[in-house]
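To start, the structure under review is shown below, and the notes come after it.
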Amino acid sequence: MTTASSPSALQRVGLTTAALVLLNVVLYLVQALSGQSWIERSPQEMLAWGGNLALLSLTGDLWRLGASVFLHGGLLHLAMNMYMLWLLGPAAQRQLGRSGLLLVFLAGGWAASCASSGWFGWHLLREYVQGGHPAQWMVVSAGASGGIMALCGALLSSLAWQKLQREPSRLGAGFGRALGQVVLINLVAGSLISGVDQSAHVGGLLAGGLMGALVASAGNLRSQGLALLLRLAVALLAGWGSSWTLLHLADWQPLQQARGDFEQSAPAE
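So for the sequence shown, the UniProt record's numbering puts the first residue at 1; every next one is plus one.
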């Protein structure tokens, strides 16, 4: 006689999702233990740890595009994003595989940061050149929501690919429609609520949609090694493409002078 034990919470969620959640939580705790607020972080605190400020990200601090994905502006912000990641992670792993989940989240988060910097940087540049008051565009953006939206986009596009190929869904009937409604509600709510970086959400969603379709097509290959290489290539290409576009689509040189003014006016620590 044999008995089957129920899977643990870690087994149900998956090691990759749990590791991403743990990394975000540990980083938040490290910041708090270093002296930052436990409840709500100021823009200056976020900036010190790698927050995505277009003025800096576009003038040499490209590392902020990746670091900001793992930073959060407060306890509620962290809890909401980690709850969504905890819910979506298992579905993304079933649909995209562990490597697909990780690469879409990381590359999608990077692309979301690029979209945010491009949006705010363009407005900042326009206001600065015209002699206006660019303070309203000096926004410090951070959070895992860009990567989470990329997972949503990847799930939706990969499910659409399966439907076109007449393949049975791994996630059950109605999952795609329900997820699409959730994404739509979040986009509408984000456009109505102040403080939400909608450019990062849309950028992550579009980048994830592209990667999801390509990852889904790679899943049909017989060679899993080749499928993994293709997934990696897609993620790297998405990251390189978004970075190249961000740096070459517009002339950000005037922002160098603006950065100098900003750093001179910043209070000494």
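Note that the Cβ used here is the ideal one computed from N, Cα and C, for glycine as well. Predicted model, so just to flag it, every value in this text is computed and none were measured.
If we ignore side chains and look at the alpha-carbon of each, how far apart do residue i and residue j end up?
| i | j | result |
| --- | --- | --- |
| L195 | G143 | Checking the sequence, you will find Gly at residue 195 rather than Leu. Cα to Cα, G195 sits roughly 12 Å from G143. |
| G176 | L159 | 7 Å |
| A258 | S116 | 18 Å |
| A92 | D261 | 44 Å |
| Q64 | E45 | Here residue 64 turns out to be Arg, not Gln, going by the sequence shown. Distance between the alpha carbons of R64 and E45: 14 Å. |
| T59 | A111 | 17 Å |
| D197 | P254 | 24 Å |
| A81 | M149 | The amino acid at residue 81 is misidentified as Ala; the sequence shows Asn. Spanning the two alpha carbons is a distance of roughly 10 Å. |
| S145 | G239 | 17 Å |
| L87 | H201 | 18 Å |
| P43 | G35 | 15 Å |
| A213 | L171 | 16 Å |
| L125 | E263 | 16 Å |
| G135 | E127 | It is worth fixing the name first, because residue 135 is Ala in this sequence and not Gly. Approximately 9 Å, taken between the alpha carbons. |
| Q165 | D61 | 43 Å |
| L56 | Q130 | 20 Å |
| A173 | T245 | 38 Å |
| P90 | R98 | 9 Å |
| A54 | V182 | 29 Å |
| V13 | V188 | 28 Å |
| L184 | G190 | 10 Å |
| N186 | A48 | 29 Å |
| R222 | L230 | The pLDDT assigned to R222 is 47, lower than 50, so where the model puts this residue is not dependable; a value taken from the coordinates is nonetheless given after this. Distance between the alpha carbons of R222 and L230: 13 Å. |
| L179 | L247 | 33 Å |
Identify whether residue i lies in helix, strand or coil by the three-state DSSP scheme.
| i | result |
| --- | --- |
| L214 | helix |
| E45 | helix |
| L65 | helix |
| V30 | helix |
| G143 | coil |
| E263 | helix |
| L237 | helix |
| G74 | strand |
| E167 | coil |
| L53 | strand |
Counting only the same chain and skipping the five closest in sequence on each side, list residues whose C-beta sits under 7 Å from that of residue i.
| i | result |
| --- | --- |
| W38 | A32 and L75 |
| W119 | S199 |
| S68 | G50, G51, N52, S113, S141 and A142 |
| V26 | none |
| V21 | M82, L85 and W86 |
| Q256 | T59 |
Among the options, which one has its Cα closest to the Cα of residue i?
| i | options | result |
| --- | --- | --- |
| S169 | Q181, G180 and L155 | L155 |
| S243 | S217, L179 and G66 | G66 |
| G241 | G172, E263 and M211 | M211 |
| E167 | D61, L20 and A216 | A216 |
| L106 | I185, T16 and Q130 | T16 |
| W161 | I185, L20 and L96 | L96 |
| G100 | L55, V139, C152 and V129 | C152 |
| A18 | D61, L62, L236 and L102 | L102 |
| V30 | L247, F70 and V13 | F70 |
Using a Cβ-Cβ cutoff of less than 6 Å, which residues in the same chain neighbour residue i once the five nearest sequence positions on both sides are dropped?
| i | result |
| --- | --- |
| H123 | W137 |
| G108 | G147, A150, G204, A207 and G208 |
| G121 | A54 and L58 |
| W252 | L58 |
Are any of the Cβ atoms in chain D nearer than 9 Å to that of residue i?
| i | result |
| --- | --- |
| Q253 | Looking at the structure shown, chain D is missing, and only one protein chain is on hand. |
Which residues in the same chain have their Cβ closer than 8 Å to the Cβ of residue i, if we skip the five residues on either side of it in sequence?
| i | result |
| --- | --- |
| H72 | N24, Y28, R41, L78, N81, A142, G143 and A144 |
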